[in-house]
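Asker: Note that the protein sequences, when read in sequence, are chains A and B. Using my numbering, the letters of the first sequence map in sequence onto residues 4 to 118. Using my numbering, the letters of the second sequence map in sequence onto residues 20 to 131. In this text, a Cβ means the ideal position worked out from N, Cα and C, and glycines have one as well. Provided herewith is a single structure, encoded as structure tokens, for subsequent inquiry.
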Amino acid sequence: GAGVSQSPSNKVTEKGKDVELRCDPISGHTALYWYRQSLGQGLEFLIYFQGNSAPDKSGLPSDRFSAERTGGSVSTLTIQRTQQEDSAVYLCASSLVSGMGETQYFGPGTRLLVL
Amino acid sequence: QQQVKQSPQSLIVQKGGISIINCAYENTAFDYFPWYQQFPGKGPALLIAIRPDVSEKKEGRFTISFNKSAKQFSLHIMDSQPGDSATYFCAATSGSARQLTFGSGTQLTVLP
């Protein structure tokens, strides 16, 4: 079956521009997560959605980052006024529900390069 | 604040050997400990996971050993194969959101 898909797969932008990253979770998955993987580092939690609501926004690194989810499905992560330190791989994951033992399935990521 | 510490950063093993990756955590609220495998250009994929009420879990060539009192857990890959060459991340979760807190990763290379 179809897994988590993300678009674009690669994005090159200039410093100061806004970017939108899209995530299509596995159909029927109610929980959706965004993570960031910086070069040579581990994965950093950004934000979590249960349905369309985001009860935990504590991981967003600054107010330039925002995310939304509509219809309990597609999610968009927006980075405003991009900075070079935003360059990273942005990964989306989904799980059937948000519960212990629920596997999070990851997409292939969007590789963002800010020049 | 690094809540999950992972070592080594890189590991080279001969084919057929045993690969061992270690992790230690600080937050005693963590209640689920998965390991993820990531190949270049791909997202992480769940490999094996354990809950703290058991000390060991084995799935094929992969075994997690868990020491709750020491707040440590490790991944053992038996009979390592070149196809196992990847980056491995330990992780931990807690709370209602279940977001994953990851270790920094171990790049495993299995020589043929």
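Residues of chain B with CB closer than 7 Å to the CB of Gly-45(A), please, in chain order.
Answerer: What Gly-45(A) touches in chain B: Phe-108, Phe-121, Gly-122, Ser-123, Gly-124.
Asker: Among the residues of its own chain, which have a CB less than 6 Å from the CB of Arg-114(A), if the five just before and after it don't count?
Answerer: Only Asn-13, Val-92 meet the Cβ criterion.
Asker: Look up Pro-101(B) in the DSSP assignment and say whether it is helix, strand or coil.
Answerer: Three-state result, Pro-101(B): helix.
Asker: For Gln-87(A), which residues of its own chain have a beta-carbon under 8 Å away from its beta-carbon, when the five flanking residues on both sides are left out?
Answerer: Contacts found: Lys-18, Val-117, Leu-118.
Asker: Taking 7 Å as the CB-CB limit, is Ala-64(A) close to chain B?
Answerer: Rather than Ala, the amino acid found at residue 64(A) in this sequence is Pro. For Pro-64(A), the answer is no, since every Cβ of chain B falls outside 7 Å of its Cβ.
Asker: Give the residues from the stretch 8-33 of chain A that approach chain B closer than 7 Å (Cβ to any Cβ), ordered along the chain.
Answerer: For the stretch 8-33 of chain A, which is checked against every Cβ of chain B, not one residue is closer than 7 Å.
Asker: Tell whether a beta-carbon distance below 7 Å holds between Gln-123(B) and Gln-25(B).
Answerer: Strictly speaking, residue 123(B) in this sequence is Ser, with Gln absent from that position. Contact flag set, yes.
Asker: Would the beta-carbon of Ala-110(B) fall within 7 Å of that of Pro-53(B)?
Answerer: Yes, the Cβ-Cβ distance between Ala-110(B) and Pro-53(B) is below 7 Å.
Asker: Can you confirm whether Glu-51(B), when its beta carbon is compared against all beta carbons of chain A, has any partner nearer than 7 Å?
Answerer: Sequence check: residue 51(B) is Tyr here, not Glu. Cβ-Cβ to chain A under 7 Å: yes for Tyr-51(B).
Asker: Give the DSSP bridge partners of Phe-48(A), in chain order.
Answerer: DSSP, once it has assigned bridges, lists Tyr-38(A) as partnering Phe-48(A).
Asker: Between the alpha carbons of Leu-99(A) and Leu-35(A), how many angstroms are there, rounded?
Answerer: Spanning the two alpha carbons is a distance of roughly 9 Å.
Asker: At 9 Å on the CB atoms, spell out the chain A contacts of Ala-64(B), in chain order.
Answerer: Near Ala-64(B) (Cβ distances below 9 Å), the residues of chain A are Tyr-108, Phe-109.
Asker: Hey, could you find the ends of the beta strand (DSSP E) Val-15(A) is sitting in?
Answerer: Val-15(A) -> beta strand (DSSP E) spans 13-16.
Asker: Considering just the uninterrupted stretch of the beta strand (DSSP E) at Ser-38(B), what are its terminal residues?
Answerer: 38-44 is the span of the beta strand (DSSP E), which, as asked, contains Ser-38(B).
Asker: Exposed or buried, which one is Asp-98(B) when buried takes at least 16 other CB atoms within 10 Å?
Answerer: With fewer than 16 other Cβ atoms within 10 Å, it is exposed.
Asker: For a cutoff of 7 Å on Cβ pairs, would you count Gln-91(B) as touching chain E?
Answerer: Absence of chain E from the displayed structure is noted, the protein chains being A and B.
Asker: Enumerate in chain order the residues of its own chain whose CB-to-CB distance from Pro-63(B) is below 8 Å, with the five nearest sequence positions on each side excluded.
Answerer: If we look at Pro-63(B) and ignore the five residues flanking it on each side, its Cβ neighbours are Tyr-55, Gln-56, Gln-57, Phe-108.
Asker: Here's the rule: buried if 16 or more other CB atoms are within 10 angstroms of the residue's CB, otherwise exposed. What is Arg-117(B)?
Answerer: Arg-117(B) is buried by the Cβ-count criterion.
Asker: Got a sec? Which residues, its chain only, sit under 6 Å from Gln-83(A) by beta carbon, not counting five neighbours each side?
Answerer: Asp-21, Arg-67.
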